[in-house]
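**Q** For reference, the structure I am asking about is given below.
There are 2 protein chains.
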Amino acid sequence: MSTPDINSWQSVQDEVLRRIHNRIWKPGAQIPNETDLAKEFNCGRTTVNRALRELAESGILERKRKSGTRVALHPVSRAVIAVQIVRREIEERGASYGYALIDRTVDTPPHAVTFAMELAQGEEMLHVRAVHLADGVPYALEDRWICLRTVPQARDYDFAQKSANEWLLENVPYNRATLSILATPASAFEQEYLAVSDKASILHVERATWRDKGPVTFVTISYQPGHRIISTTTS
Amino acid sequence: MSTPDINSWQSVQDEVLRRIHNRIWKPGAQIPNETDLAKEFNCGRTTVNRALRELAESGILERKRKSGTRVALHPVSRAVIAVQIVRREIEERGASYGYALIDRTVDTPPHAVTFAMELAQGEEMLHVRAVHLADGVPYALEDRWICLRTVPQARDYDFAQKSANEWLLENVPYNRATLSILATPASAFEQEYLAVSDKASILHVERATWRDKGPVTFVTISYQPGHRIISTTTS
DNA sequence: TAGTGGTCTAGACCACTGA
DNA sequence: CAGTGGTCTAGACCACTAT
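Going down the list, the protein sequences come from chains A and B. As numbered in the working numbering, residues 1 to 235 make up the first sequence, in order. As numbered in the working numbering, residues 1001 to 1235 make up the second sequence, in order.
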């Protein structure tokens, strides 16, 4: 073999990727089974399995029992976005963080919110709006609905010092979440609190979370115009 | 033990998550080491390792050799976005796909493009613009620069029938990619080809790819207003 | 230096699925 | 039914790092 030693799952992965990139294994083509590859690379089948499993998870290979492993024809690559609290997002940019509560009311959420939370309408929830500042300038708005049935303790917290963003993460664990990204023109509320014109285009991240079967919260983060969400991509 | 049988890595993971959610293991706290957990669950250490490794990859646990495994204090959850060719995106919505080339020129890319591709300015590239249609209606615009040094064969392809999006994926593999999501008001070009007003807010996905050290392409996909990018979230 | 996670191995059995 | 991937196990050694 002209290739360097192949004895770790990482090196197996590298060699497989090399063969795919060099068209030794073409898109759609079947590759040898795990046992044969293990023999060829002189390593255990477990090692080959780990290498191939990760490539299948990242969409480069397609595996099926009995019929074997193929190079994906139309690889669906997976971009990963790190979702974290806004304070950390700001601090990681090297800016100083500020927070201001705008209002906190108990109200009936609009249909868009109950729909995203997979609920019927009519239930009252806690509605919290706030602005996150970077070096004193508005960085993002937070518009959040909290389900008081699942999170009754939110009724006693005023969110004046600590954002709901952070308070929930520290106090209310969740099991399941959805995330949606969209763009809209700046609403009147956004124009006022982000200090932008009605021509501004705003990037929104909407996130709903559940704990077991109970809805926890639905939040929209609206970013200052020009904001980018950057992904750390995999292969 | 009152818990159901724990004998697969999946059930180990479920049990660990249950303990974290129920605050049996609190944020920041250390959990038992792999050997002890294997004993408790009456399974192999390898099984525990796989369960914990995945949780560490998804940001719920933090692991360090010698010092052990802790529940993450500020979990950075990872939202995964599937990036695939626009044709499949449209077909998965149950619409019929259409494609039209707008123009194809050789030109010097603007600074924003060379910057994203990590290049010096001055090099000529192939510039291809096209519209993707869903049921005959503009769905997204593709504005693409292709590096002719890395992909010389693009000079001979006209992109009249098949989009660059698809042609590149089938013919030019890449190793590395970046992805960026942003919102802007509709440009004159977007207003014309997406048939929207100057008040429209457009969601863009920018993607640059490289093969080994060579830049392959930089593309901006501009979606029809109202488009959402939806994530399949983990844990 | 010692404790922890990271990985490899050989062998085994199971689950799925195409022929 | 038979071939393939999916997983588990016990044991081993290695790599990193707190002390």
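Cβ atoms here follow ideal geometry from the backbone N, Cα and C, with glycine treated the same way. All values derive from a computational prediction rather than experimental measurement.
Under 7 angstroms Cβ to Cβ from A/Q121, same chain only, skipping five residues before and after it: list those, please.
**A** By one-based count along the first sequence, residue 121 of chain A stands at place 121. Closer than 7 angstroms at Cβ, skipping near neighbours: H111, T114.
**Q** Hey, A/D107 and A/M125 are a contact pair by Cβ (cut 8 angstroms); roughly how many whole angstroms apart?
**A** If you number the first sequence from 1, residue 107 of chain A lands on position 107. If you number the first sequence from 1, residue 125 of chain A lands on position 125. Yes, they are in contact, since the Cβ atoms of A/D107 and A/M125 sit about 7 angstroms apart, within 8 angstroms.
**Q** Give a yes or no on whether the minimum CB-CB distance between B/I1006 and chain A is below 7 angstroms.
**A** The sequence position of residue 1006 of chain B within the second sequence is 6, counting from 1. It does not; no Cβ of chain A falls within 7 angstroms.
**Q** Could you give the distance in angstroms between the alpha-carbon of B/V1048 and the alpha-carbon of B/S1163?
**A** If you number the second sequence from 1, residue 1048 of chain B lands on position 48. If you number the second sequence from 1, residue 1163 of chain B lands on position 163. Looking at the two C-alpha atoms, the distance is approximately 46 angstroms.
**Q** Whole-angstrom Cβ separation of A/A134 and A/A95, contact assumed at under 8 angstroms?
**A** Taking the first residue of the first sequence as position 1, residue 134 of chain A is located at position 134. Taking the first residue of the first sequence as position 1, residue 95 of chain A is located at position 95. 4 angstroms between Cβ atoms; contact.
**Q** Straight-line CA distance for A/S2 to A/A72?
**A** The count along the first sequence starts at 1 and reaches residue 2 of chain A at position 2. The count along the first sequence starts at 1 and reaches residue 72 of chain A at position 72. Summary for A/S2: the model assigns pLDDT 43, below 50, so the residue's position carries little reliability, and this model does not support an answer.
**Q** Indicate the three-state DSSP secondary structure (helix, strand or coil) for A/Y193 in the structure shown.
**A** Counted from its first residue, the first sequence places residue 193 of chain A at position 193. Helix, per DSSP.
**Q** Between the C-alpha atoms of B/S1235 and B/P1152, what's the straight-line distance to the nearest angstrom?
**A** Here residue 1235 of chain B corresponds to residue number 235 of the second sequence, with the count starting at 1. Here residue 1152 of chain B corresponds to residue number 152 of the second sequence, with the count starting at 1. Confidence is the limiting factor: at B/S1235 the pLDDT is only 49, short of 50, which leaves the residue's position unreliable, though a coordinate-based value still follows. Whole-angstrom Cα-Cα distance: 44 angstroms.
**Q** Give me the DSSP bridge partner(s) of B/R1063.
**A** Within the second sequence, the letter at position 63 stands for residue 1063 of chain B. B/T1069.
**Q** With a floor of 4 residues, list each alpha helix (DSSP H) that falls wholly inside the region 102 to 138 of chain A, ordered by position along the chain.
**A** Those alpha helix (DSSP H) runs which fall completely within the region 102 to 138 of chain A and span 4+ residues are 111 to 116.
**Q** Starting from B/K1162, find everything on chain A with Cβ-Cβ shorter than 8 angstroms and list it in chain order.
**A** Translated into positions along the second sequence, residue 1162 of chain B becomes position 162. Result: empty, since nearest Cβ-Cβ is about 13 angstroms, beyond 8 angstroms.
**Q** Closer than 9 angstroms between beta carbons: that is the criterion. Which residues of the region 211 to 229 of chain A meet it against chain B?
**A** Under the 9 angstroms Cβ criterion, the region 211 to 229 of chain A contributes R211, D212, Y223, P225, G226, H227, R228, I229.
**Q** Please determine, among A/P138, A/D143, A/Y139, A/I81, the residue with the shortest C-alpha to C-alpha distance to B/S1180.
**A** For the purposes of this step, residue 1180 of chain B is identified with residue 180 of the second sequence, where counting begins at 1. Nearest C-alpha to B/S1180: A/I81.
**Q** If you reduce the DSSP assignment to three classes, tell me which class A/S2 lands in.
**A** Locating residue 2 of chain A in the first sequence gives position 2, counting from the first residue. Note that A/S2 scores 43 on pLDDT, short of 50, meaning its location in the model is unreliable and no value can be drawn from it.
**Q** Verify the CB distance criterion: does A/M1 have a CB-CB separation below 7 angstroms to chain B?
**A** The sequence position of residue 1 of chain A within the first sequence is 1, counting from 1. Below a pLDDT of 50, predicted positions are generally treated as unreliable, and A/M1, at 44, falls in that range; the measurement from the model is reported next regardless. With 7 angstroms as the cut-off, A/M1 does not count as an interface residue toward chain B.
**Q** Would B/H1132 pass as a contact of B/A1140 if the rule is Cβ separation under 7 angstroms?
**A** Within the second sequence, the letter at position 132 stands for residue 1132 of chain B. Within the second sequence, the letter at position 140 stands for residue 1140 of chain B. It is a contact, given that the beta carbons lie within the stated cut-off.
**Q** Taking A/F41 as part of the alpha helix (DSSP H), name the residues at either end of that continuous run.
**A** To locate residue 41 of chain A, count along the first sequence from 1; it is residue 41. From DSSP, the alpha helix (DSSP H) with A/F41 extends over 34 to 41.
**Q** By the three-class DSSP mapping on this structure, what secondary structure does B/S1235 have?
**A** Locating residue 1235 of chain B in the second sequence gives position 235, where the first residue counts as 1. Bear in mind that the predicted position of B/S1235 carries a pLDDT of just 49, short of 50, making it unreliable; the figure below should be weighed with that in mind. B/S1235: coil per DSSP, three-state reduction.
**Q** For the region 1171 to 1186 of chain B against the region 1200 to 1211 of chain B, are there 3 or more C-beta pairs whose distance is under 8 angstroms?
**A** With a cut-off of 8 angstroms, the region 1200 to 1211 of chain B and the region 1171 to 1186 of chain B count as touching, because enough Cβ pairs lie within range.
**Q** Do we get a CB-CB distance below 7 angstroms when we pair B/H1132 with the residues of chain A?
**A** In the second sequence, residue 1132 of chain B corresponds to position 132, counting from 1. So, not an interface residue.
**Q** Beta-carbon within less than 8 angstroms of A/F159's beta-carbon, same chain only, minus the 5 sequence neighbours each way: which residues are those?
**A** Walking along the first sequence from the start, residue 159 of chain A turns up at place 159. Excluding residues within five positions, the ones whose Cβ falls inside 8 angstroms are L101, R104, V128, A130, W167.
**Q** Taking only beta carbons into account, state which residues of the region 88 to 100 of chain A come closer than 7 angstroms to chain B, listed in chain order.
**A** If the cut-off is 7 angstroms between Cβ atoms, the region 88 to 100 of chain A has R88 near chain B.
**Q** Quick one: what does DSSP say B/V1172 is sitting in, helix, strand or coil?
**A** As a first step, residue 1172 of chain B is located in the second sequence; it is residue number 172 there, counting from the start. If DSSP states are grouped into helix, strand and coil, B/V1172 belongs with coil.
**Q** May I ask you to report which of helix, strand or coil DSSP gives A/S74?
**A** Locating residue 74 of chain A in the first sequence gives position 74, counting from the first residue. Correcting the residue type first, residue 74 of chain A is His in the shown sequence and not Ser. DSSP places A/H74 in coil when its eight states are reduced to three.
**Q** Can you find a CB in chain B that lies within less than 7 angstroms of the CB of A/E15?
**A** The residue you call residue 15 of chain A lines up with position 15 of the first sequence. Closer than 7 angstroms: no.
**Q** Identify, in the order they occur along the chain, each residue of the same chain with its Cβ nearer than 8 angstroms to the Cβ of B/R1068, setting aside the five sequence neighbours on each side.
**A** Taking the first residue of the second sequence as 1, we reach residue 1068 of chain B at position 68. It is worth fixing the name first, because residue 1068 of chain B is Gly in this sequence and not Arg. Answer for B/G1068: Q1030, I1031, N1033, listed in chain order.
**Q** Assuming A/Y174 and A/R144 are in contact, meaning their beta carbons sit under 8 angstroms apart, how far apart are those beta carbons, in whole angstroms?
**A** Residue 174 of chain A sits at position 174 when you count from the first residue of the first sequence. Residue 144 of chain A sits at position 144 when you count from the first residue of the first sequence. Not a contact, Cβ separation roughly 14 angstroms.
**Q** Relative to the C-alpha of B/T1150, which residue among B/R1087, B/Y1193, B/T1209 is closest?
**A** As a working mapping, residue 1150 of chain B is identified with position 150 in the second sequence. Among B/R1087, B/Y1193, B/T1209, the Cα nearest to that of B/T1150 is on B/T1209.
**Q** Counting only Cβ-Cβ distances shorter than 9 angstroms, please list the residues of the region 1151 to 1175 of chain B near chain A, keeping chain order.
**A** Against chain A - using a Cβ distance shorter than 9 angstroms - the residues of the region 1151 to 1175 of chain B are E1166, L1169, E1170, P1173, Y1174, N1175.
**Q** Going by DSSP, what residue range makes up the beta strand (DSSP E) through B/P1201?
**A** In the second sequence, residue 1201 of chain B corresponds to position 201, counting from 1. First, the amino acid is wrong: residue 1201 of chain B is Ser here, not Pro. Per DSSP, B/S1201 belongs to the beta strand (DSSP E) from 1201 to 1211.
**Q** Helix, strand or coil: which one does DSSP assign to B/S1011?
**A** As a working note, residue 1011 of chain B is residue 11 in the second sequence. Three-state DSSP puts B/S1011 in a helix.
**Q** Counting only C-beta atoms, is B/Q1191 closer than 7 angstroms to chain A at any point?
**A** To locate residue 1191 of chain B, count along the second sequence from 1; it is residue 191. Judged by the 7 angstroms Cβ criterion, B/Q1191 is not in contact with chain A.
**Q** Considering only DSSP beta bridges, list what B/A1177 is partnered with.
**A** Residue 1177 of chain B sits at position 177 when you count from the first residue of the second sequence. Answer by DSSP bridge pairing, in chain order: B/T1209.
**Q** Looking at chain B, is there any beta carbon in it that lies within less than 7 angstroms of the beta carbon of A/S180?
**A** As a working mapping, residue 180 of chain A is identified with position 180 in the first sequence. Answer yes: the Cβ-Cβ gap between A/S180 and chain B drops below 7 angstroms somewhere.
**Q** Step through the CB atoms of chain A and report whether any lies within less than 7 angstroms of the CB of B/A1183.
**A** Numbered from 1 along the second sequence, position 183 holds the residue referred to as residue 1183 of chain B. Yes, contact with chain A.
**Q** Does the distance from the C-beta atom of A/I24 to that of A/E15 stay below 7 angstroms?
**A** On the first sequence, residue 24 of chain A is found 24 positions in, with the first residue counted as 1. On the first sequence, residue 15 of chain A is found 15 positions in, with the first residue counted as 1. Their beta carbons are not under 7 angstroms apart, which means A/I24 does not touch A/E15 by this criterion.
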